[in-house]
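Protein sequence lines correspond, in order, to chains A and B. Here this note's numbering is used: the first residue of the first sequence is 43, the next is one more, and so on. Here this note's numbering is used: the first residue of the second sequence is 830, the next is one more, and so on. Every residue gets a Cβ at the ideal spot worked out from N, C-alpha and C, and that includes glycine. Report on the structure given below.
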Amino acid sequence: MSLLRNITSGLRSLFRKDQVDRELNEELGAYLEMEAAEKMKQGMSRRDALRAVRLERGGLELAKEVVRSGSWESFVETCWQDVRFGLRNLRKNPGFTVVAVLTLTLGIGATSALFSMVEAVLLKPLPYQQSSRLAILWTDNVRQNLHQERTSYPNFEDWRKQNSIFEDMAFASAFTVNLTGGEEPERLLAGRTSANLFSLMGVRPILGRIFSSEEERHADRVIVVSHRLWQGSFGSSQDILGKTLEVDGTKMEIVGVMPAAFQFPARNVELWEPLTVFPNWNALKVKRNTPSGFVVARLKPGVSFAQAQADMSVVGANLARQYPDLAASLDFFGFGVNVMPFSIYVTGREVRASLWLLFGAVVLVLFIACTNVASLLLSRGAARAREFATRMALGAGKKRVVRQLLTESCVLYLTSSVFGIALAAAVDRLLIRLAPTDIPRLHEAGIDSRVFCFALALSFLAAFVFGLFPALRVSGTDPHLSLRGSGRELSESATVVRLRSLLISGQFALAVILLVGAGLLIRSFLRVRHVDPGFRSDHVITARVVQSKLKSQTQWRDFYEQALRNIRAIPGVESVGAIDNFFFGSFPDEAVIVEGRPQLPPGTSLSQVTDDGISPGYFQALGVPLLRGRFFTEQDGPTSAPAAIINATMSRCFWPGEDAVGKRFRFAYQKSGDPWTTVVGVVGDMHRDGVTRNPVSEIFLPLPQHPARGMDLVVRTSADPSSFAAAVRSAIWSVDKTAPVVNVSTLEDALREQVAPRRFQTLLLSLFAVLAVILSAIGIYGLIHYSVAQRTHEIGIRMAFGAQPLEVIRLVLGQGGKAALLGTVIGFGGALSVSRVLSSQLFGITATDPLTFMAVALLLCLAALTACYIPARRAMRVDPIVALRYE
Amino acid sequence: MPDKPSDLVQGTLDMLILKTLALEPMHGYGISVRIEQMSKGVFRLNAGSLFLAIQRLERDGLIDGEWKPTENNRRARYYTLTAKGRKRLDSETREWGRQVAAIGRILEAS
């Protein structure tokens, strides 16, 4: 109650100032008047009485001041006065204001924009209930160093039963399915899940219901569709429930619609069905060595991920003891379990690391901006020394002066933060366009209340931290000395130059760190761009085709043979080929046994190979060189002897120093009675999975012997490949109108997408480094400019005594140059330790790449020299007569 | 009577004002005169600290102020002790007594 009274009374004196003032006047006046009257009764004259009262009780004005100072509103009021004074001051010094506000706007804007990305992607909780307790469980294949493998259903069942640490566990897998019955066949991603997945994650359908465990058990043909499918194919119609969709030729009843934010097990899942509906479910249910699904689990309250990991490791070890034969077999993935927070799965470790790195970099830029402003404030403080000396002589305490200066600093920073937030909004939109498309939730980045609060809090913090130092400096000077005369000002400005030099050193150190980071990334990026991928990517268009599962293998093969023939017949097409997986095929998950050699011990890297089925024209279409032997031809038909082409890496690993052609091998999954496969050719290595990864051993098999449902087609054209998209589509559809054609793009676009994250990170870090250099240059320019202005007189005297222009330049540049040099050296030390953080993202160079370091040093020296040149030239042109007369 | 008025012991001014007002409502000057008389001139208040304390007490809801005419037909603000103020005065008096007794015991011990 008294708090309320305090506030209302305070507000009253703030907003009804005149009345409150009058009342105080009247009350105090009456008080003093009464006392005087008393004294007059004792015989004093009125004048003497009033004087006596003033002496004994203190004067009216003083008393008013004391009473006012006791209330909180007077604090607010003086702050408000300081704010207005600060604003007036900013307006009166447009040069200082523009430079400071611009600098801070850049710093705060960039930092806020990056923060909004960090917030949207990393900090905002996922759209699931208590998402911090959600975990994703992987099969940990220690033997092959693969830690995020999918899990077989029997293993999942055992995990679910044997753990004591999770509330519940759900199983989900993603498959591509064909959606038919509409105008054009569609190919989309479907989730097959256990019914408890939705309740475990805490998501509810926005329409209808999810399927029940009952329906899961009976394998009822019911599906839940995604928000996007609902909008796209059903126009957000409310009566979608009960309608049917034809999924892989089977009619499924729609029972619910999920919210847009629900994207599991993959980002583009468009529908979910009970996992029991899967045609092969009965086999899959019991196959322990077929990894097929993702496992999500919810931790019991209060359980940490470390505890969960420990518990699951025990469960895994028990299973390994229970199935010793399986655990020992060569092609089994093992019983290890890897527990990971769900949020990390959603964003991915690389994106996380990259975003935090960029955020750290932008904070460094902000630091540099703030140091620039602190440096400006120092000089301005020195220029205003007399003002503050006067204030202190009139009774302002040191605290009061510091408070005023801090308020002014806050005014400056907050003004800038308003502009900065506007800038951040613009930068955000730009960044979202530039960023690789696969960063989840990035498009949600924007200026919301949290970013706004962050920018304001950041500004206040920076205003205090970077304003306090100049404020203490100003308030610490002796008012007597400042008031007495100009002789003192010279030594004062020398101190300021010294302090500002320190700040310059700091700036250069930070700039070096940023530049080295950016330089290393740029060099890596250039290296990546110049790596020969092992194939010619120009003039190639690719498309993926997937056929219905209901057809036979022979039908698949015939379809592709006909489709390839049709495409080859398109005018302008030079060659065409197909592979069952173009980009993501080089995942080494097969083991082979070489004829005449004892079986390799498990875990040796020699046994890690990939296998892909290709059409005869594949290598020719991509321009992959044949090193030995021959390409596949029409004679490698379904009934002829099994043949294979291997890449150079495999030839080197498996038959070092030998000719691999003619050698024979067998896959580990084949039986010992199966015929050997003969190597008929060796081709050059291809970097299919991105050039930053070393090529793995690859085996290519003739398509007729290994028919596949889905294939990537590669078509080499004589003209702009993108103009062939329609022709390729219709050539395929002329064979089968129900075959969906997806991912039609030129090979170069597809490859560019591969390096998009690297390009984005490099671009952003370079941008920050450039900002850092510009700001540092402005900083050192400001320092030299100031120092020249302060020393015009001195320079004049020196020149009058015969100093040469070069000596003057040395004098002027001395301090700034030393500061920059010192900063650069310190920065190199810092960069050496920071660049180690980057080392995992470097390619083809080391973290201590001497060329980068040298280039950085050169660039900074150049920037510093350019920045110093203008003020130094002014110093050189000082006219001794004018300079001396000036005093 | 000592020549020079003494300073008040820290924090006791509020209590003295409350005590003064416990007898009857009074204006600022009245409070000041009453404290001076009762202390036989030991405590003399200056206007600033008196009204600062009054403002604080009023905001804490321990006293209420009201403009009224004085005997000499001036206007002055008269202050009344509130119920909360009376309670505070009781507790502070008790506490004061305890402290004085304790300090006395310490000082008398030899």
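* Three-state class that DSSP yields for Ala-487(A) in the structure shown -> The DSSP-derived three-state label of Ala-487(A) is coil.
* Asked: What did DSSP end up calling Leu-855(A) once you bin it into helix, strand or coil?
  -> Leu-855(A): helix per DSSP, three-state reduction.
* In this structure, what does DSSP give as the bridge partners for Asp-893(B)? -> Paired residue(s): Thr-909(B).
* Minimum Cβ-Cβ distance from Val-109(A) to chain B less than 8 angstroms -> In terms of beta-carbon proximity, Val-109(A) lines the interface with chain B, with at least one pair separated by less than 8 angstroms.
* Asked: Val-634(A) lies in the beta strand (DSSP E); which residues open and close that run?
  -> It spans 634-636 - the beta strand (DSSP E) in which Val-634(A) sits, taken as one unbroken run.
* Under 8 angstroms, do Ala-690(A) and Val-724(A) count as touching if we go by C-beta distance? -> Between Ala-690(A) and Val-724(A), the C-beta spacing is below 8 angstroms.
* The alpha helix (DSSP H) with Met-76(A) in it runs from where to where? -> Run containing Met-76(A): 59-83, per the alpha helix (DSSP H) assignment.
* **Cβ-based neighbour list, Phe-374(A), same chain, cut-off 6 angstroms, excluding 5 preceding and 5 following** => The residues are Asn-331 and Leu-368.
* Asked: What first and last residue would you give for the beta strand (DSSP E) that runs through Glu-288(A)?
  -> DSSP places Glu-288(A) inside the beta strand (DSSP E), whose first and last residues are 286-289.
* Rounded to the nearest angstrom, how far is the Cβ of Phe-213(A) from that of Leu-317(A), given a contact under 8 angstroms? -> In this structure Phe-213(A) is in contact with Leu-317(A), their Cβ atoms being roughly 7 angstroms apart against a cut-off of 8 angstroms.
* Asked: Span of the alpha helix (DSSP H) holding Glu-865(B)?
  -> Element bounds for Glu-865(B): 857-867.
* **Among Val-651(A), Ala-767(A) and Ser-776(A), nearest to Glu-740(A) - alpha-carbon criterion** => Residue Val-651(A) is the option with its Cα nearest to Glu-740(A).
* Can you tell which of Thr-888(A), Thr-894(A), Gly-858(A) and Ser-215(A) has the C-alpha that lies nearest to the C-alpha of Leu-545(A)? -> The closest CA to that of Leu-545(A), considering only Thr-888(A), Thr-894(A), Gly-858(A) and Ser-215(A), is found on Gly-858(A).
* Using only the heavy atoms of the ligand GDP, determine whether one of them is closer than 7 angstroms to the beta carbon of Val-337(A). => Ligands in the displayed structure: none, and consequently the ligand GDP is not present.
* Any chain B beta carbon closer than 8 angstroms to Ser-113(A) -> Yes - at least one Cβ of chain B is within 8 angstroms of the one on Ser-113(A).
* Asked: Of all the CB atoms in chain A, is at least one closer than 8 angstroms to the CB of Leu-842(B)?
  -> Closer than 8 angstroms: no.
* Per DSSP, Trp-180(A) is paired with what? -> Partner(s): Asn-380(A).
* Give a yes or no on whether the C-beta atoms belonging to Ile-931(A) and Ala-873(A) are separated by under 8 angstroms. => Given that chain A is displayed from residue 43 to residue 929, the structure contains no residue 931(A) and the question cannot be resolved.
* With a threshold of 16 other CB atoms inside 10 Å of the CB of Ser-491(A), please say whether the residue is buried or exposed. => Classification for Ser-491(A): exposed.
* Cβ contact (3+ pairs, closer than 8 angstroms) linking the stretch 376-385 of chain A and the stretch 109-118 of chain A -> Output reads no: the stretch 109-118 of chain A does not touch the stretch 376-385 of chain A.
* Nearest chain B C-beta to Asn-48(A) closer than 8 angstroms, yes or no? -> It does; some Cβ of chain B falls within 8 angstroms.
* Extent of the continuous beta strand (DSSP E) run through Thr-145(A) -> Segment 136-160 is the alpha helix (DSSP H) holding Thr-145(A); no beta strand (DSSP E) there.
* **Stretch-stretch touch, CB-based, cutoff 8 angstroms, three pairs: the stretch 542-561 of chain A with the stretch 700-710 of chain A** => The stretch 542-561 of chain A vs the stretch 700-710 of chain A: no contact.
* Nearest-angstrom Cβ-Cβ length linking Pro-698(A) and Arg-599(A), presumed shorter than 8 angstroms -> Contact check for Pro-698(A) and Arg-599(A): beta-carbon distance about 35 angstroms, past the 8 angstroms limit, so the pair fails to qualify.
* Asked: Enumerated in chain order, which unbroken segments of the alpha helix (DSSP H) with a length of 4 residues or greater are wholly contained in the stretch 233-259 of chain A?
  -> List check, alpha helix (DSSP H) in window: 239-243.
* Asked: Going by the CB atoms, is the gap between Leu-283(A) and Val-266(A) shorter than 8 angstroms?
  -> Their beta carbons are not under 8 angstroms apart, which means Val-266(A) does not touch Leu-283(A) by this criterion.
* Going along chain B in order, which residues have a C-beta closer than 8 angstroms to the C-beta of Glu-98(A)? -> Ordered by position in chain B, the residues that pass the 8 angstroms Cβ test against Glu-98(A) are Arg-873 and Asn-875.
* Given 8 angstroms, three or more beta-carbon pairs between the stretch 449-465 of chain A and the stretch 140-151 of chain A -> The stretch 449-465 of chain A vs the stretch 140-151 of chain A: in contact.
* Asked: Counting contacts by CB-CB distance shorter than 8 angstroms, is Arg-903(B) in contact with chain A?
  -> In terms of beta-carbon proximity, Arg-903(B) lines the interface with chain A, with at least one pair separated by less than 8 angstroms.
* Asked: Glu-77(A) versus chain B: which residues are under 7 angstroms apart at the beta carbon?
  -> Tyr-858, listed in chain order.
* Asked: Can a CB atom of chain B be found closer than 8 angstroms to the CB of Leu-74(A)?
  -> Answer yes: the Cβ-Cβ gap between Leu-74(A) and chain B drops below 8 angstroms somewhere.
* Three-state secondary structure (DSSP) of Leu-341(A) -> Of the three classes helix, strand and coil, the one that applies to Leu-341(A) here is strand, per DSSP.
* Could you work out which residue in Ala-427(A), Val-666(A), Gln-677(A) and Ala-811(A) is closest to Ile-564(A) when comparing CA atoms only? => It is Ala-811(A).
* Can you tell me which of Val-815(A), Asn-608(A), Asp-262(A) and Gln-351(A) puts its alpha carbon nearest to the alpha carbon of Leu-29(A)? => Shown here, chain A extends from 43 to 929; a query on residue 29(A) therefore has no answer.
* Should Arg-917(B) be flagged as near chain A, meaning a C-beta pair shorter than 8 angstroms? -> Not a single CB atom of chain A sits nearer than 8 angstroms to the CB of Arg-917(B).
* Could you check if Gln-928(B) is buried or exposed, using at least 16 other CB atoms within 10 Å of its CB as the buried criterion? => With fewer than 16 neighbouring CB atoms inside 10 Å of its own CB, Gln-928(B) falls in the exposed class.
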